[in-house]
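Asks: Supplied in structure tokens, the structure appears directly below.
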Amino acid sequence: MKKTTILCVFILMNVTLCFSQWQKMSLTNSVGGNIDQNMYQMALNNSKLYVATNDGIWESASANGGDWAAYGLQGKRVFMINFGVLKLAIVVEIASDDATKKTLQLYKYNGTAWVNTNFNPSKLAVFGNALDNLINFAQIQNNGQTVIVLPTWGNGIWRSADGGDTWTKPAYETCTTCLDNTSLFYKKIPGIYTFPGDTKIYGTDKADFNLQFMIYSEDYGLTWKNKPVANFFNPWSLHKRSVGGKPYFYWGGSTGSLGAVWTSDDAGTNWAASFALGAAYWNNRRIIGEDDGPLYIMCSADNVYVSNDNGDSFEPVGTGITIPSSVPRPANEPFFLSHLVKSSTKLYVSTTTDGLYSFDLAPSAVENQKTNKLKLIVSADKSKLELITDLASKIIIFNTEGKVMKIGQTQNIKTLIDIQDLKSAMYFVQIKNAQGENCTGKFVK
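Convert by adding 43 to the 1-based position in the sequence shown; the result is the number in this note's numbering.
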């Protein structure tokens, strides 16, 4: 008999979250009035909070709001910011070659003022396609030089190795494994990412309509490689961290029916779907979380969720975020929650039309969990699955694509499930009781 023992996490967030709520942050300008409430991205830098809006960048020195001060580029729509090495901002402007279209410009803070870099100096519309499919850009140090890498939707990856003065674009490559043999790698890129302690640069690539890819560069963006993930329609979120000393990648996108996130523990070669899936997890535009801690995801038309079992299951972080009954849909995609960042004590989420929310991360909210053991035993002839647990609960078996294959109920401590009709593959098991306690595991038939 093949035996698999999984140490499971029972999430008791329902106890804590009854008393934990997102708080609407004050938009009061320090010189009077309120700052613009149409917000796109945030940055935490030196314990201060910065937010990019339709009216430039604003700074809260307390990181609590209510003390906002102009930080530059007022009057401009600042779409993305990155304060990693240099302070950089991507601004949306009118294209010079078509006044009906938008384009992107990259600004850099020189210590006293924001100056336009030499990215897209002609302000061409080709750089402004489907802006709401663009999620993240990156910068990284290489031998004392700051390398900046920008994504575009349909105009490739753009790289500067001198802080923004000169730019090059890696060549497209034909996707020979895609269903459409005209599909190209490195052309439609929603996001580019770097992660602490890793010199590689990563990205998400919609090379084909039916299959999306994680891309990565081992030479600071000069050349790129790719690994297939799944069909999320739009691959919008990517994250990397370590759990128990082992690196994990996390992936999300438009299609929550495939799972809230997919996880890989082998550098993106193989991926496993989360047990949490469905409409609530559509439009996952951001995944964050430090090593060995909770994992957070932002689903733009629904809520912010937390996982305490490394991405297997998710629960709402708290109550209090108001989602409009009619969610704004730029680019025909639900898009209301726009960005998610975390300090040591708070979560912050921005919205496209209604300002900011913050959530206090009390220790009990982060670590409120207990553990128990679930045993899954596949019979020698692979016709039966024996499930051993002391949790009286509903049983759901999913395949790796998140499709429900079987539903049952635990019977005392031991439960036998007929799996003769399941094909040889890996499957996931979720058990959940009426109190919301849940446990997850996996088995191979």
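No residue lacks a Cβ here, since even glycine has one placed at the ideal position from N, Cα and C.
Would you kindly check if the distance between the Cβ of Gly264 and the Cβ of Tyr229 is under 8 Å?
Replies: no
Asks: At what residues does the beta strand (DSSP E) containing Thr189 begin and finish?
Replies: Unbroken beta strand (DSSP E) run through Thr189: 188 to 193.
Asks: Check this for me: beta carbons of Ala344 and Leu320, under 8 Å apart or not?
Replies: no
Asks: For Asp248, which beta-bridge partners are listed by DSSP?
Replies: Phe256
Asks: Over what stretch of residues does the beta strand (DSSP E) that includes Cys218 continue unbroken?
Replies: No beta strand (DSSP E) contains Cys218, which DSSP labels as neither H nor E.
Asks: Can you give the Cα-Cα distance for Leu399 and Ser69, rounded to whole angstroms?
Replies: 8 Å
Asks: Which residues in the same chain as Asn253 place their Cβ atom closer than 6 Å to its Cβ, once the five residues preceding and following it in sequence are excluded?
Replies: The residues are Leu222, Asn274.
Asks: Just the C-alpha distance for Ile460 and Asn313, rounded to the nearest angstrom, thanks.
Replies: Answer to the nearest angstrom: the Cα atoms are 27 Å apart.
Asks: So for Asn176, helix, strand or coil by DSSP?
Replies: helix
Asks: With a Cβ-Cβ cutoff of 8 Å, do Leu419 and Val472 count as a contact?
Replies: yes
Asks: Distance check for Gly296 and Ser280, CA to CA, integer angstroms please.
Replies: 6 Å
Asks: The beta strand (DSSP E) that contains Thr458, what's its start and end?
Replies: 457 to 461
Asks: Where Gly332 and Val392 are concerned, what is the direct C-alpha to C-alpha distance, given to the nearest angstrom?
Replies: 14 Å
Asks: How many angstroms separate the CA atom of Lys259 from the CA atom of Phe238?
Replies: Sequence check: residue 259 is Tyr here, not Lys. Whole-angstrom Cα-Cα distance: 12 Å.
Asks: Nearest to Leu193 by CA position, among Gly187, Gly207, Asn186, is which residue?
Replies: Gly207
Asks: Which of the three DSSP states is assigned to Pro373 in this structure?
Replies: In this predicted model, Pro373 has a pLDDT of only 49, less than 50, meaning its place in the structure is not dependable; the value taken from the coordinates is given anyway. DSSP places Pro373 in helix when its eight states are reduced to three.
Asks: Beta-carbon separation of Leu87 and Ala106 under 8 Å?
Replies: In this structure, Leu87 lies near Ala106, with their beta-carbon atoms less than 8 Å apart.
Asks: Using CA atoms only, rank isn't needed, just tell me which of Ile340, Lys283, Ala142 is closest to Ala168.
Replies: Ala142
Asks: CA-CA distance, Thr146 and Ile137?
Replies: 6 Å
Asks: How is Ser386 classed by DSSP in three states: helix, strand or coil?
Replies: Note: Ser386 maps to coil in three-state DSSP.
Asks: Tell me the residue span of the beta strand (DSSP E) that contains Ser285.
Replies: Here the beta strand (DSSP E) through Ser285 covers 278 to 286.
Asks: With burial defined as no fewer than 16 other Cβ atoms inside 10 Å of the residue's Cβ, what is the status of Gly363: buried or exposed?
Replies: exposed
Asks: Taking 6 Å as the limit between beta carbons, can you name the residues of its chain near Gly109, skipping five residues before and five after?
Replies: Only Ser69, Thr71 meet the Cβ criterion.
Asks: Is it buried or exposed for Lys289, if we count other Cβ within 10 angstroms and need 16 for buried?
Replies: exposed
Asks: On a Cα-Cα basis, can you pick out the residue from Val447, Leu177, Lys268, Gln463 that is closest to Lys427?
Replies: Gln463
Asks: Give every residue of the same chain whose Cβ lies closer than 6 Å to the Cβ of Gln64, excluding the five residues on either side of it in the sequence, and list them in chain order.
Replies: Gly361, Thr362, Gly363
Asks: Inspect the beta-carbon positions of Gly197 and Lys231 and report whether they are closer than 8 Å.
Replies: yes
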